[in-house]
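Worksheet: one structure, shown below.
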Amino acid sequence: MDVVGTLNAALRRVPAWLVYVAGAAWAVWLFWQALNQLGPYKVEPINVLERAYGEVALQLLVAGLFVTPLRRFLGLNLLKFRRAIGVTAFFFVLAHFLVFAVLDVQSLERVWTEIVKRPYVTVGMAGFLALIPLAITSNNLSIRKLGGATWRKLHKLTYAAGLLGAVHFLWLVKGFQIEPIIYTVIIVGLLATRVKWSSLRPAATA
Amino acid sequence: MAYRWKNDLTRADVTPKAAYLNRRQIMAGAMGLGVAGATGGVAQAQAELEPNSFEDITSYNNFYEFGTGKEDPARNAGALVTEPWSIKVDGMVDNPGDYTLADLLDGLTAEERIYRFRCVEAWSMVVPWNGVELADVLAKVGVQSQAKYVAFETTVQPDVMIGVQRRVIPFPYVEGLRLDEAMHPLTLLATGIYGEPMPNQNGAPIRLVVPWKYGFKSIKSIVRITLTDEEPPASWNIINPREYGFYSNVNPNVDHPRWSQATERQIGGGLFASRKDTLMFNGYEAEVASLYEGMDLNEFY
Ligand code: HEM
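So this is what it looks like as structure tokens:
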């Protein structure tokens, strides 16, 4: 396909580190708006910033999950950006967590209570924890040390993190809201493209 | 009616702090230290209450008929049709019928009340409402002796209500109060904020204000008031009875299953605003605790 070919050629010239720069710039821009209470941050900047970081984190996780299917089904090659997308997602979750802990809840003791007592926070925390080993091993040295197969297996955790993030979102909204449902459907759909259906057999119980 | 509630907060509380302190010093001088000392605790607590700006109050709202985002109502409620407005009063009343706003309010005393407003989502504001006591309205329509509850209903205008089109929650939004809660002098039917007509996003043209309950009890844009002898349905209680009780009194000791109610953040403090402790009955314990004497507030949340 011509369009894809042109796109691939163009993308080859874009350095992956631009993702980090764009991510950092975006995070700072959101924080700056909140600090100066601009636009949607006018009245309640803490909650709006907390949500904004959470939302970007989830979007980046989904974007990372799109890389393989896009290549397989459309031939679009974004592989070299995947690590940067994933690591940036991790930093947005970290920022999301820090806003929650430092600006919103404002007490370590209560952060702990929230994590153990509120199921939607527990689920979010599980997603965060799942991302930590991924962020730590997102470098060539780790791939070499772990070996490609093990590393790939470990990084399947991205799906878990994405799903946990989506369930976290589903759980925290009130009433019937379409956004978290859309994220969940997309992530489940992406996961479905990765499952080797033929190898799935009912587990033998003997 | 037991008494008329006296507002210890005035518009002067909106004035800058320096000017305000001056005024207090003058007052203290006039009253003498003895009196000031005796009422010091309450006065101190109230003195810390400063109403939020008109802009804050009118740009951060929950009004799911117009969308679930806090800015959605300000953005989308402009098209709400508030004129003409008719309120159906029915059920166990002596004078049922469809009342225009003017008829319903005719002859009643308009008041300004500066109340704390505590959302169930653990944020709060201070709002200078204008309105009448619900008790006065109920006296006018004549409550019959067998009535025990008051039910309220919000208008449904699907054409202009994006949340109704999306069926975010079942509509019309409905709420209810026990009759003694409805008759309490703190309970208002509000028609304005800061002396301005009620903005659409805040529940134009007339809404309930029950300051010791979570904000969602204070139903907006009322088109129907029904006196009944059975506990009326309340929207959030129907949607999720485990999370939202019929009473929904502000209570720092009973958490919402998904978050703590022990503290709150008052809107308007910026990015580094600190949390403060939530007060029992939102600070109106002295006025309303007797309504719930003998009730287990863990059970009747
Ligand atoms: C994989 C990790 C996570 C993802 C993808 C994620 C994503 C999100 C999203 C999308 C929202 C809703 C944004 C909106 O309403 O537009 C949200 C809200 C929230 N998240 Fe997370 N989150 C994660 C981890 C966490 C963690 C670790 C915590 C705290 C320990 C947390 C605490 C919260 C809270 C408290 C809210 C709701 C704020 C409110 O009350 O409005 N999240 N998150």
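The listed protein sequences correspond, in order, to chains A and B.
Residues in the first sequence are numbered from 1 upward in steps of one, following full-length UniProt numbering.
Residues in the second sequence are numbered from 1 upward in steps of one, following full-length UniProt numbering.
Glycine residues also receive a C-beta, built at the ideal position from the N, C-alpha and C atoms.
Everything numeric in this text was worked out from a predicted model, so none of it was measured.
Whole-angstrom C-beta distance between residue j and residue i, which should lie under 8 Å
i                      : j      : result
A/L157                 : A/A130 : 5 Å
B/F66                  : B/K220 : Contact doesn't hold; Cβ gap of about 10 Å is too wide.
B/V250                 : B/R118 : 5 Å
A/V48                  : A/A34  : 7 Å
B/N130                 : B/A110 : 6 Å
B/A173                 : B/S235 : A small correction: the amino acid at residue 173 of chain B is Tyr; Ala does not occupy that position in the sequence shown. Indeed they touch by this definition, with Cβ atoms about 5 Å apart.
residue 221 of chain A : A/A161 : Here chain A covers residues 1 to 206 and nothing more, so residue 221 of chain A does not appear.
B/E71                  : A/P40  : 6 Å
A/L94                  : A/I46  : Not a contact, Cβ separation roughly 17 Å.
Residue i - DSSP class collapsed to helix/strand/coil
i      : result
B/S235 : helix
B/Y149 : strand
B/W259 : strand
B/N249 : strand
B/E287 : helix
A/W171 : helix
B/V254 : coil
A/P180 : helix
B/N130 : strand
B/P199 : coil
B/N61  : coil
B/D229 : coil
B/D277 : strand
A/L76  : coil
A/L11  : helix
B/I193 : strand
B/T155 : coil
B/N22  : Since pLDDT at B/N22 reaches only 37, below the 50 mark, its modelled position is unreliable, and the value read off the structure follows with that caveat. The answer is helix: DSSP assigns B/N22 an H, G or I state.
A/V19  : helix
A/K145 : helix
B/A30  : Confidence is the limiting factor: at B/A30 the pLDDT is only 34, short of 50, which leaves the residue's position unreliable and the question unanswerable from this model.
B/L177 : strand
B/K213 : strand
A/V185 : helix
A/V195 : coil
B/D188 : The displayed chain sequence assigns Leu, not Asp, to residue 188 of chain B. Here B/L188 sits in strand by DSSP.
beta-carbon residue i near the ligand HEM non-hydrogen atom, thresh 7 Å
i                      : result
A/H155                 : no
A/L61                  : yes
B/N282                 : no
A/E50                  : yes
B/M268                 : The sequence given here places Gly at residue 268 of chain B; Met does not occur at that position. The answer is no for B/G268.
A/M125                 : yes
A/E55                  : yes
A/L58                  : yes
A/V87                  : no
A/A95                  : no
A/L172                 : yes
B/G245                 : no
A/G165                 : yes
A/H168                 : yes
A/N47                  : yes
A/L65                  : no
B/V89                  : no
A/A22                  : no
A/L131                 : yes
A/I178                 : no
residue 208 of chain A : Here chain A covers residues 1 to 206 and nothing more, so residue 208 of chain A does not appear.
A/V121                 : yes
A/F100                 : yes
B/F152                 : no
B/A286                 : no
Distance cut-off 7 Å: residue i Cβ against heavy atoms of the ligand MG
i      : result
B/Y292 : This structure lacks the ligand MG; the ligands present are the ligand HEM.
Task: 3-residue-minimum beta strand (DSSP E) runs that sit fully inside the stretch 80-124 of chain B, ordered along the chain - done: The qualifying runs are 86-91, 97-100, 111-118.
TODO: Ignoring anything shorter than 4 residues or poking outside the stretch 37-94 of chain A, list the alpha helix (DSSP H) runs there in chain order.
DONE: 45-69
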